[in-house]
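Engineer: Position one of the sequence shown corresponds to residue 8 (our numbering), numbered consecutively onward.
In this text, a Cβ means the ideal position worked out from N, Cα and C, and glycines have one as well.
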Amino acid sequence: SGVIVELIRPIIDPDGRMATYEIQYIVRKTAHFMEFFVFGASLTAISFLIGKKIFTPWIFMPMFLTLAAAVADEYVQSFTGRTSLVSDIVIDFSGGMSGILIAVVIYAIIMAINKKKQKNY
Numbered sequence: 008s009g010v011i012v013e014l015i016r017p018i019i020d021p022d023g024r025m026a027t028y029e030i031q032y033i034v035r036k037t038a039h040f041m042e043f044f045v046f047g048a049s050l051t052a053i054s055f056l057i058g059k060k061i062f063t064p065w066i067f068m069p070m071f072l073t074l075a076a077a078v079a080d081e082y083v084q085s086f087t088g089r090t091s092l093v094s095d096i097v098i099d100f101s102g103g104m105s106g107i108l109i110a111v112v113i114y115a116i117i118m119a120i121n122k123k124k125q126k127n128y
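1. In angstroms, rounded to a whole number, what distance separates the CA positions of residue 108 and residue 26?
2. Residue 38 to residue 116, Cα distance in whole Å?
3. Let me know the secondary structure DSSP gives residue 17 once reduced to three states.
4. Is the segment 64-76 in contact with the segment 46-56, if contact means three or more CB pairs nearer than 8 Å?
5. Jot down the residue ranges of each uninterrupted alpha helix (DSSP H) in the segment 39-100, minimum 4 residues, whole runs only, in chain order.
6. So residue 103 and residue 55 are supposed to be a Cβ contact under 8 Å. How far apart are they, rounded?
7. Give the C-beta separation of residue 10 and residue 30 to the nearest angstrom, bearing in mind that I take them to be a contact with Cβ-Cβ under 8 Å.
So, in structure tokens, the structure goes:
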């Protein structure tokens with residue numbers, strides 16, 4: 008994360024007022040958010056392929072798995088001497104839910120376009 012910190016420092020802290028550890032904190036939390044964003048979106052895409060409909064019980068599986076992964080991640084950290092925080096679960100789950108939301112919106116748009124195409128034939 009040191010390389011990333013130096014790459015983004017001019018963008019988020021052009022005046023150099025933030026300490027390195029503050030920028031590292033932002034980088035780490037953003038990385039976790041994005042990791043779970045991709046995880047949630049991927050699980051949602053898979054659930055659509057399996058469930059074939061947008062509002063079936065399948066949509067709840069990505070939500071549950073994302074939350075379970077966030078909780079498990081923090082639980083494992085408690086055994087490695089690292090701090091396990093509820094706020095980290097919230098960040099991870101928020102990333103996952105954001106990914107799920109974006110995947111649902113994209114899926115709904117694709118379905119609307121396909122429906123419109125079928126109607127025009």
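Structural biologist: Let me spell this out:
1. Taking the sequence shown and counting its residues from 1, one reaches residue 108 at position 101. Taking the sequence shown and counting its residues from 1, one reaches residue 26 at position 19. Spanning the two alpha carbons is a distance of roughly 34 Å.
2. On the sequence shown, position 31 is the one that residue 38 refers to. On the sequence shown, position 109 is the one that residue 116 refers to. Distance between the alpha carbons of residue 38 and residue 116: 28 Å.
3. Locating residue 17 in the sequence shown gives position 10, counting from the first residue. Of the three classes helix, strand and coil, the one that applies to residue 17 here is helix, per DSSP.
4. yes
5. 67-84
6. In the sequence shown, counting from the first residue as 1, residue 103 sits at position 96. In the sequence shown, counting from the first residue as 1, residue 55 sits at position 48. Not confirmed; about 16 Å, so no contact.
7. The residue labelled residue 10 in the question sits at position 3 within the sequence shown. The residue labelled residue 30 in the question sits at position 23 within the sequence shown. The Cβ separation is near 12 Å, so there is no contact.
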